[in-house]
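Chains A and E, in that order, are what the protein sequence lines are.
Just so you know, the working numbering puts the end of the first sequence at 261, numbered straight through with nothing missing.
Just so you know, the working numbering puts the end of the second sequence at 522, numbered straight through with nothing missing.
Encoded as structure tokens, the structure appears first; notes follow it.
There are 2 protein chains.
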Amino acid sequence: MSPLPSENSVESYVEALSGARSTAEIGAKLESVLKGMGFKSFAYVHVRPPLGKKLRSFVPPGSRSGNQVHEFLSTLPGPWVDHYLSQDYGDLDPTLQAAVSRLMPFQWREIGVRNDLSNGQRKVLNEARDHGVKDGATIPIHGPDSGLSTLSIVGGGGEREFQDAYQRSYRDLVWLAINTHEAFLNLAESAPDLGRVRLTDRERDCLVWTARGKTAWEVGQILSISEETVLFHLKNVTRKLGVFSKHHAVVKAVIQGYIVP
Amino acid sequence: MSPLPSENSVESYVEALSGARSTAEIGAKLESVLKGMGFKSFAYVHVRPPLGKKLRSFVPPGSRSGNQVHEFLSTLPGPWVDHYLSQDYGDLDPTLQAAVSRLMPFQWREIGVRNDLSNGQRKVLNEARDHGVKDGATIPIHGPDSGLSTLSIVGGGGEREFQDAYQRSYRDLVWLAINTHEAFLNLAESAPDLGRVRLTDRERDCLVWTARGKTAWEVGQILSISEETVLFHLKNVTRKLGVFSKHHAVVKAVIQGYIVP
DNA sequence: CCGCAGCCCCCCCAGTTCTGGGGGGCTGTC
DNA sequence: GACAGCCCCCCAGAACTGGGGGGGCTGCGG
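Below you can see the structure in the form of structure tokens.
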């Protein structure tokens, strides 16, 4: 629809995503479209994997903590990426922390001037700059099932050029980021989706209120049924979901989207 | 930038949002821009309020359970909204459940044809249709701090017209929804002290294994500590998260992304 | 019409687990 | 030296588990 010349590349990227068969393919496409928008390099990172989806992850070489890093795409300078991983900067990186509590894209500049950064956080930004990763912005992508990814873009020329490119493509960037995340979700195997069971309305009622911390007796009062009946329904759910207790059932029901507490 | 005639209204809406001083103001603007796109009515709902933000909530009149409902905007038929609230349909509504595990907009039609809906879920869809809320779609907005909102749009004419309007404005709808959510966040007072708490490594360990259905004794075996110590840590978490039991704590920790079970 | 399945409701009980208090003590780090 | 994190212990009462046993209603296929 309404393909402006400047939007052609974005739209065709999004369309191409649905046919992507591998993450590397997504990365290649992403690189070319972002280049076209005037950005030198990028990094797409899974900060928190969505519950119930299997995204590939690995332990970075030289990591001290055995902290898992989830699959990512990046065209940032190799030495910087290696350094970042080996130092577990993921736990420190102020841009990732900002992404947790933001909805809209933000420039790193905004982070850099904040005065509540710790020494370690400032160090990450400074070392990035020393590696040529200087003018940048991050688009947070809050996905379903508590998933969180970020798409960060980095400028190559001066700050002025980056500003212009960023302002010009602000809206496109959000669209790109969302669709990239969606493409990843589609590639990921959805975990034990095979075992989708049918819950009855009453079972859901009991689960919801149990998830809100009510005891069986309280749930009974709320639903105007006896405590025993509540326990009866929860026992059935426990069996259906193949878990060990009503509480385990609640957790699983939440994760798999059977209920919205 | 690059304002197509058809996009003018969307862009001017987004710009106007930053000046909005009240939610009612947002609603009025939203109504007019969505009307312009060919939709009869809409509902913007906070499914889960973001941590650390104070969004207004209330107990709907006639609610049986005292369940809290968060502030929302809606131009849906009044009788339907009243009925929905008084019946606590929020716990049942399949479109809300779908929103939890989706990133991109979806049409209600897709939900309606699924065959794993319970009677109650089907009832909600049917009753909505009887109230003239028939052709619709929902845009999930996964925000920061575990916030989740939905923007649902409803067609007034036939299914064909709705389809056309929906396809035509798919991308704009996402943009609208995100910016609306952002505007709400900006209006809300931030309540940082009510926000995220710090959990220790051991507390997280205990939570994770409890979320997997292990008893305190089993968790103790796994972590090579005593059952009492496990319970001790879980008690502390329960207090920190301000909930009623260790199981409730587990559910909250999962939803809010403290642990990945 | 009957049987059967699915859903919903109620009851019992011995054994297990958790709750919500309390009391310690040992390491580190700021 | 204070404080955070971790670890261990005790107890009475509440809550849950995992079995079992009943019903009743609806809707479907034979």
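Even for Gly, the Cβ is constructed at its ideal location relative to N, Cα and C.
Closest to residue i by C-alpha separation, out of the options, would be which residue?
{"i": "Arg102 (chain A)", "options": "A:Thr229, A:Ile139 and A:Gly120", "result": "A:Ile139"}
{"i": "Glu72 (chain A)", "options": "A:Ala165, A:Ser152, A:Gln256 and A:Lys214", "result": "The question names Glu, yet the displayed sequence has Phe at residue 72 (chain A). Nearest C-alpha to Phe72 (chain A): A:Ser152."}
{"i": "Pro310 (chain E)", "options": "E:Gly381, E:His331 and E:Met365", "result": "E:His331"}
{"i": "Leu502 (chain E)", "options": "E:Leu312, E:Ala304 and E:Glu276", "result": "E:Leu312"}
{"i": "Lys395 (chain E)", "options": "E:Glu371, E:Tyr274 and E:Thr411", "result": "E:Glu371"}
{"i": "Val251 (chain A)", "options": "E:Trp436, E:Gly474 and E:Leu437", "result": "E:Gly474"}
{"i": "Trp369 (chain E)", "options": "E:Asp354, E:Asn380, E:Gly381 and E:Ser324", "result": "E:Asp354"}
{"i": "His509 (chain E)", "options": "E:Thr499, E:Gln517 and E:Gly518", "result": "E:Thr499"}
{"i": "Leu492 (chain E)", "options": "E:Arg463, E:Ala277 and E:Gly323", "result": "E:Arg463"}
{"i": "Gln348 (chain E)", "options": "E:Ser326, E:Ser335 and E:Phe367", "result": "E:Ser326"}
{"i": "Asp91 (chain A)", "options": "A:Ser74, A:Gly120 and A:Ile259", "result": "A:Gly120"}
{"i": "Leu185 (chain A)", "options": "A:His233, A:Leu148 and A:Arg171", "result": "A:Leu148"}
{"i": "Gln517 (chain E)", "options": "E:Glu292, E:Gly397 and E:Pro405", "result": "E:Pro405"}
{"i": "Tyr44 (chain A)", "options": "A:Tyr84, A:Met37 and A:Leu76", "result": "A:Leu76"}
{"i": "Glu15 (chain A)", "options": "E:Arg432, E:Glu489 and E:Thr490", "result": "E:Arg432"}
Whole angstroms is fine: what's the gap from residue i's alpha carbon to residue j's?
{"i": "Lys507 (chain E)", "j": "Tyr427 (chain E)", "result": "44 Å"}
{"i": "His403 (chain E)", "j": "Thr441 (chain E)", "result": "12 Å"}
{"i": "Ser57 (chain A)", "j": "His46 (chain A)", "result": "9 Å"}
{"i": "Ala360 (chain E)", "j": "Ile178 (chain A)", "result": "15 Å"}
{"i": "Ser485 (chain E)", "j": "Lys496 (chain E)", "result": "18 Å"}
{"i": "Glu282 (chain A)", "j": "Val320 (chain E)", "result": "Here chain A has residues from 1 to 261 only, and residue 282 (chain A) is not among them."}
{"i": "Thr471 (chain E)", "j": "Gly156 (chain A)", "result": "48 Å"}
{"i": "Ile222 (chain A)", "j": "Tyr350 (chain E)", "result": "15 Å"}
{"i": "Leu173 (chain A)", "j": "Leu316 (chain E)", "result": "29 Å"}
{"i": "Val124 (chain A)", "j": "Val154 (chain A)", "result": "15 Å"}
{"i": "Gly280 (chain E)", "j": "Gly288 (chain E)", "result": "13 Å"}
{"i": "Ala243 (chain E)", "j": "Thr356 (chain E)", "result": "The requested residue 243 (chain E) is not part of the displayed model; chain E covers only 262 to 522."}
{"i": "Ala285 (chain E)", "j": "Leu448 (chain E)", "result": "11 Å"}
{"i": "Gly220 (chain A)", "j": "Val254 (chain A)", "result": "20 Å"}
{"i": "Ser430 (chain E)", "j": "Met365 (chain E)", "result": "13 Å"}
{"i": "Phe42 (chain A)", "j": "Leu176 (chain A)", "result": "12 Å"}
{"i": "Ala444 (chain E)", "j": "Ser283 (chain E)", "result": "9 Å"}
{"i": "Ser118 (chain A)", "j": "Lys35 (chain A)", "result": "33 Å"}
{"i": "Phe505 (chain E)", "j": "Lys314 (chain E)", "result": "22 Å"}
{"i": "Phe39 (chain A)", "j": "Ile520 (chain E)", "result": "35 Å"}
{"i": "Arg122 (chain A)", "j": "Gly132 (chain A)", "result": "16 Å"}
{"i": "Ser74 (chain A)", "j": "Thr150 (chain A)", "result": "11 Å"}
{"i": "Glu218 (chain A)", "j": "Ser407 (chain E)", "result": "27 Å"}
{"i": "Leu291 (chain E)", "j": "His233 (chain A)", "result": "42 Å"}
{"i": "Gln329 (chain E)", "j": "Asn8 (chain A)", "result": "45 Å"}
{"i": "Tyr13 (chain A)", "j": "Met37 (chain A)", "result": "12 Å"}
{"i": "Gln217 (chain E)", "j": "Pro261 (chain A)", "result": "Here chain E comprises residues numbered 262 to 522, so residue 217 (chain E) is not present and cannot be evaluated."}
{"i": "Leu346 (chain E)", "j": "Glu489 (chain E)", "result": "43 Å"}
{"i": "Ala398 (chain E)", "j": "Ser487 (chain E)", "result": "52 Å"}
{"i": "Leu17 (chain A)", "j": "Glu450 (chain E)", "result": "39 Å"}
{"i": "Ser324 (chain E)", "j": "Asp377 (chain E)", "result": "27 Å"}
{"i": "Ser32 (chain A)", "j": "Pro322 (chain E)", "result": "55 Å"}
Name the DSSP beta bridge partners of residue i, please?
{"i": "Val306 (chain E)", "result": "E:Phe333 and E:Thr411"}
{"i": "Phe184 (chain A)", "result": "Answer by DSSP bridge pairing: none, since Phe184 (chain A) is not bridged."}
{"i": "His403 (chain E)", "result": "E:Leu409"}
{"i": "Gly136 (chain A)", "result": "A:Val154"}
{"i": "Gln107 (chain A)", "result": "A:Ala137"}
{"i": "Leu232 (chain A)", "result": "Here residue 232 (chain A) is Phe; the residue named in the question, Leu, does not match the sequence. None; Phe232 (chain A) has no bridge partner."}
{"i": "Phe58 (chain A)", "result": "A:Val69"}
The ligand GDP and residue i: does any heavy atom of the ligand fall closer than 8 Å to the residue's C-beta?
{"i": "Glu31 (chain A)", "result": "Absence of the ligand GDP is noted for the structure shown, with no ligands found whatsoever."}
Task: the stretch 458-468 of chain E / the stretch 409-425 of chain E touching (three or more Cβ pairs under 8 Å) - done: Contact fails: fewer than three Cβ-Cβ distances are below 8 Å.
TODO: Give a yes or no on contact between the stretch 200-216 of chain A and the stretch 465-474 of chain E, applying the rule of three or more CB pairs nearer than 8 Å.
DONE: No contact exists between the stretch 200-216 of chain A and the stretch 465-474 of chain E.
TODO: For the stretch 77-89 of chain A and the stretch 128-139 of chain A, state whether three or more C-beta atom pairs, one from each stretch, are separated by less than 8 Å.
DONE: For the pair of segments examined, the stretch 77-89 of chain A was found to touch the stretch 128-139 of chain A: the number of CB pairs separated by less than 8 Å reaches three.
- [ ] Kindly provide the ranges of any alpha helix (DSSP H) runs that are 4 or more residues long and lie completely inside the stretch 206-230 of chain A, ordered along the chain.
- [x] Restricted to the stretch 206-230 of chain A, the alpha helix (DSSP H) segments that are unbroken, complete and at least 4 residues in length are 216-223, listed in chain order.
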